[in-house]
Amino acid sequence: DWVTETIVNNGEQYHGLNGDILVWNPVTKRRHELTSMGIRVTKKTLKIQLKMSGQEDFLNLPYHQALLNDEIPLSIGGGIGQSRTYMYLLRTAHLGEVSVTVWPKILKDICAQKNIKVLE
């Protein structure tokens, strides 16, 4: 959500709500975002967000048109948060070890060099 006005402790005003859950990942030795619980978009906020980011031309793209015409649900997410949680619990180094998709060859090559087995 980039639209909701929020105020931080110093009184500055920003836009956006978020609820990230971060943990330390001992495998990658970095912070690990388990899930981002940002408020999901509505048709109204989609238009406002695209205007704020100077990307109103996106409204003509097939995906955005499908959202605006109620052809697909406004929120189809959730999988990335689950995959990140699995990554953390299973102590894996890459999302591809717990989530199947089409990975680029260069990514698969890099992972293979590091003995990381991505699912296909």
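For the sequence shown, this note's numbering puts the final residue at 137, and the numbers step up evenly by one.
Heads up, the beta-carbon is just placed ideally off N, CA and C, and yes, glycines get one too.
Hey, how far is the Cα of GLU73 from the Cα of GLY98?
In a straight line, the C-alpha of GLU73 is about 28 Å away from that of GLY98.
Whole-angstrom C-beta distance between ILE89 and VAL20, which should lie under 8 Å:
Not really, about 21 Å apart at Cβ, beyond 8 Å.
Quick check on MET101: buried or exposed, where buried means 16 or more other Cβ atoms within 10 Å of its Cβ?
One point to set straight first is that residue 101 is Arg, not Met, in the sequence displayed. With 16 or more Cβ atoms within 10 Å of its Cβ, ARG101 is classed as buried.
Out of curiosity, what's the CA-to-CA distance linking HIS49 and LEU107?
Spanning the two alpha carbons is a distance of roughly 13 Å.
Could you spell out where the alpha helix (DSSP H) holding THR118 opens and where it closes?
THR118 -> no alpha helix (DSSP H), and no H or E assigned at all.
Rounded straight-line distance, which links the Cα of GLN82 to that of THR62
The alpha-carbon atoms of THR62 and GLN82 are separated by roughly 14 Å.
Roughly how many whole angstroms lie between the Cα atoms of ILE123 and GLY113?
Going by the C-alpha atoms only, they are around 13 Å apart.
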